[in-house]
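In mature numbering (1 follows the signal peptide of the UniProt record, and there is no 0), the protein residues as written are -19 to -1, 1 to 183. Single-structure report; data block below.
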Amino acid sequence: MRRALVAALLAARGAPGATFTFTVSAGGIECFDEQAPLKEKVAGVWSVLHDVSLDIDVKVVSPKGDVIYDAEAESSGSFEFTSREEGAYQVCYSNERTRTRPAAISAKVAVGEPERKLVDEIAQAEHLSPLETRIKALEHSMNSITDLQKYMRGREKTHRDTTESTKRRVLWWSAFESVVLVSMSIWQVVYLRKFFEVKRIV
């Protein structure tokens, strides 16, 4: 039920903060920085997509390295705190519990006024009827699939650009090697011809 409520919140239209979807490779970890001023409210929600049996660890660390939030072996969750110092708060999503399955994750973090709205939505989500929760969870799934498709298209473009760049570099390097080899061959031929001409004269 808790997972469905978090999923419904992530799918809610007009919710503050940008919901983003990303993938953590099997055995990997992904960290993001969230800037917050002193004594400001910070809140976040997150959920593993598609695979409800896949649990991850989520940790929030202050600019000084203090652990503020630490969720272990969970498929969804939320956090809320007041920043005790100004700076970058690091949110890390760890998929180190499995070596075979990547984790697709949808997350949202809000600071300040958007955070207060996000906290209100968390409270409202707790009072949704089962039907409303299911509808919003379905909407979340559809939005998550769309976000994941956009993410995969972005990754595909990045990989394609990287491949094209690598091909161009290989092509230029091959051309350079060819020029060097041809130059060396011509130099050797000229050198040998002069060498034998000198030999004949002697």
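A virtual CB, placed ideally from N, CA and C, is assigned to each residue, including glycine.
- For Asp14, the enclosing beta strand (DSSP E) begins and ends at 10 to 17.
- Taking C-beta separations shorter than 7 Å and ignoring five residues to either side along the sequence, the partners of Asp51 in its chain run Lys40, following chain order.
- Glu21 and Val72 do not touch by the CB rule: their CB atoms are close to 15 Å apart, not below 8 Å.
- Pairing Val23 with Phe62 gives a Cβ-Cβ distance under 7 Å.
- In this structure, Ser75 is the residue among Lys45, Ser75, Thr143 with its C-alpha nearest to the C-alpha of Ser57.
- Beta-bridge analysis with DSSP links Trp27 to Gly58, Ala88.
- Look at Ala156 here: in three-state DSSP terms it is helix.
- Just so you know, the alpha carbons of Ala54 and Val5 end up roughly 15 Å apart.
- Relative to Leu35, the option among Phe13, Phe177, Glu77 whose CA is nearest is Glu77.
- Going by C-alpha positions, Thr139 is about 21 Å away from Trp153.
- The Cβ atoms of Ala7 and Thr79 lie closer than 7 Å to each other.
- Taking all protein chains shown into account, Trp168 has fewer than 16 neighbouring C-beta atoms within 10 Å of its C-beta and is therefore exposed.
- DSSP places Lys45 in the coil class of the three-state scheme, outside both helix and strand.
- A buried status is given to Leu30, since no fewer than 16 other beta-carbon atoms sit within 10 Å of its beta-carbon.
- In this structure, Val26 keeps its C-beta atom at 7 Å or more from the C-beta atom of Ser64.
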